[in-house]
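Okay, so here's the structure we're looking at.
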Ligand SMILES: CC(C)(COP(=O)(O)OP(=O)(O)OC[C@H]1O[C@@H](n2cnc3c(N)ncnc32)[C@H](O)[C@@H]1OP(=O)(O)O)[C@@H](O)C(=O)NCCC(=O)NCCS
């Protein structure tokens, strides 16, 4: 098992943003990735957590969270991934657990996310933490690109 630490990113430099941009494309593809114009905004106004391998702090996984403007007791996990070479090693569980603990300690009440219904490993991970399928968002990310909505009550 790799030695992994979980870190809330609170400041950044251009090198970190460049790395995160590359990880976005590696893990989510060109279409679903956010870029150097959005990642700093997510760090400053949302919340970005990373799983890092020790020693050396290579990033193994990323979780980006935003808080709802309409209902600040709700958060939305905008993106969650573990790099291919680190999958299946419980790092996703470790990262998501830390994020959920942080949201709970900040007194949030619900966490939303959307996932492709065919993404078996992600659905299994979210279900493990108690997320419940709460509907479908049709054409959410383009025509025919449907997503299942999952909600966790904290
Ligand atoms: C989904 C993802 C984040 C899981 O991360 P991970 O670190 O590999 O997951 P973990 O090793 O912590 O496993 C957590 C649970 O997920 C499920 N899981 C993980 N890999 C799985 C697989 N290949 N098949 C089925 N279930 C799997 C299991 O329930 C597992 O728990 P268990 O091993 O105790 O049974 C990772 O596969 C990933 O980054 N995928 C690509 C990006 C993505 O789809 N992100 C989600 C977008 S909504």
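Numbering (the working numbering), first residue to last: 1 to 154.
Ideal Cβ placement from N, Cα and C applies to all residues, glycine included.
| Item | Value |
| --- | --- |
| Can you tell me whether residue 83 is helix, strand or coil according to DSSP? | coil |
| Buried or exposed for residue 24, please, with buried defined as at least 16 other CB atoms from any protein chain shown within 10 angstroms of its CB. | buried |
| What residue does the beta strand (DSSP E) around residue 162 start on, and which one ends it? | Outside the displayed span of the chain (1 to 154) sits residue 162, for which this structure offers no information. |
| Are residue 96 and residue 130 close, meaning C-beta to C-beta below 8 Å? | no |
| Could you tell me whether the segment 19-35 touches the segment 69-76, where touching means 3 or more Cβ pairs closer than 8 Å? | no |
| So for residue 16, helix, strand or coil by DSSP? | helix |
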